[in-house]
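Heads up: the sequence shown begins at 57 in the working numbering, then just goes up one per residue.
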Amino acid sequence: MEDKEASNSKETQTKKARRVCHYNVDWKLRFVWLNKCDENRKGYCKLCKNSFTVAYDGLKAVTHHAEAKEHKECESAAAMSHRMKSFFTPKGSTQSEKVGITELTEVYHGIKRHISYVPQDCSLKLLFNFYEDSFEDSTSIKERLCEVMNKSRLPWSRVTAYGADNASVNFGVNNSVFQKLKSEENNDIIAAHCNDHIFHNCAKNALKVMPVDVENIVMKVFAEFSCFAKK
């Protein structure tokens, strides 16, 4: 009887004795989203924004987290998202150098002739050497938007609104960019119109109900500072 109890006690002690694992820096070579926490027994997932323990299962805990449904959803969302810098021209690239040369050429052109930008009518002719004359209609604009979206791997199903100038080519009733996007890409997309026009209309209507003459105030401010502007 005593031998049986001693045997059970020995088995219990064996079960409780578990090997304590620590974070291994080599895991990051396989899982790029993995970082080390302040504690050496935990790992941090940059996609899920949470930490998990690796003290008992080690690499198995990391693999288990990678196969979780929540992590796979975050991984899929990250694959379709990009940082803001990916939408800009890389510094030091050929395109960036061409843009810099173009800007410097325009500045040099104005300085050499000792004239300001106001009477610099010839600068408009110089711009034709920098930019090609583009043909824009609702179809070409919509195709260009789709091209950029596909290149950036962004689905139209996640687009909530289309904002642009209130021109007919953008928000016309029949053959506009908005109507094409709504019928061909995302039926739930809404028209955001132009924010500048919305703010302008709000300010214009607000000024109409003000108890003071805004135009008179503007004229007085201009008369006060016009002499300083001439100097």
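For glycine and all other residues, C-beta sits at the position ideal for the given N, C-alpha and C.
Output yes or no for whether 8 Å exceeds the beta carbon distance between residue i and residue j.
{"i": "Val215", "j": "Ile254", "result": "no"}
{"i": "Leu103", "j": "Trp83", "result": "no"}
{"i": "Lys98", "j": "Phe108", "result": "yes"}
Name the residue from the options whose alpha carbon lies nearest to the alpha carbon of residue i.
{"i": "Asn251", "options": "Glu159, Ala217, Tyr100 and Ala262", "result": "Ala217"}
{"i": "Leu85", "options": "Leu115, Asp94, Val76 and Lys98", "result": "Leu115"}
{"i": "Glu159", "options": "Ala259, Asn80, Asn106 and Leu182", "result": "Leu182"}
{"i": "Glu162", "options": "Asn261, Phe186 and Thr195", "result": "Phe186"}
{"i": "Glu288", "options": "Val265, Ala223 and Tyr164", "result": "Since the first residue of the chain shown is 57 and the last is 287, residue 288 is not available in this structure."}
Taking only the alpha-carbon atoms, compute the straight-line gap between residue i and residue j and give it to the nearest angstrom.
{"i": "Ser239", "j": "Ala247", "result": "13 Å"}
{"i": "Val268", "j": "Val274", "result": "11 Å"}
{"i": "Asn230", "j": "Val277", "result": "46 Å"}
{"i": "Ala289", "j": "Phe281", "result": "Nothing about residue 289 can be reported from this structure: the residues present for the chain run from 57 to 287 only."}
{"i": "Trp212", "j": "Leu201", "result": "10 Å"}
{"i": "Tyr100", "j": "Glu241", "result": "38 Å"}
{"i": "Lys287", "j": "Val225", "result": "Unreliable placement is indicated for Lys287, whose pLDDT of 48 sits below 50; the coordinate value is still reported in the next sentence. Using only the alpha carbons, I get a separation of about 45 Å."}
{"i": "Asn106", "j": "Val204", "result": "33 Å"}
{"i": "Arg46", "j": "Glu129", "result": "It is not possible to answer for residue 46, since the shown part of the chain is limited to 57 through 287."}
{"i": "Asn243", "j": "Met136", "result": "21 Å"}
What does the Cβ neighbour count give for residue i, buried or exposed, with the cut at 16 atoms within 10 Å?
{"i": "Leu237", "result": "buried"}
{"i": "Gly228", "result": "exposed"}
{"i": "Val174", "result": "exposed"}
{"i": "His120", "result": "exposed"}
{"i": "Phe234", "result": "buried"}
{"i": "Ser208", "result": "exposed"}
{"i": "Phe184", "result": "exposed"}
{"i": "Val118", "result": "buried"}
{"i": "Ser132", "result": "exposed"}
{"i": "Ser232", "result": "buried"}
Let me see if you follow: with CB-CB separation under 8 Å, is residue i close to chain B or not?
{"i": "Ile171", "result": "Protein chains in the displayed structure number just one, and chain B is not present."}
Checklist line | Cβ contact (3+ pairs, closer than 8 Å) linking the stretch 147 to 158 and the stretch 94 to 114 | finding: no
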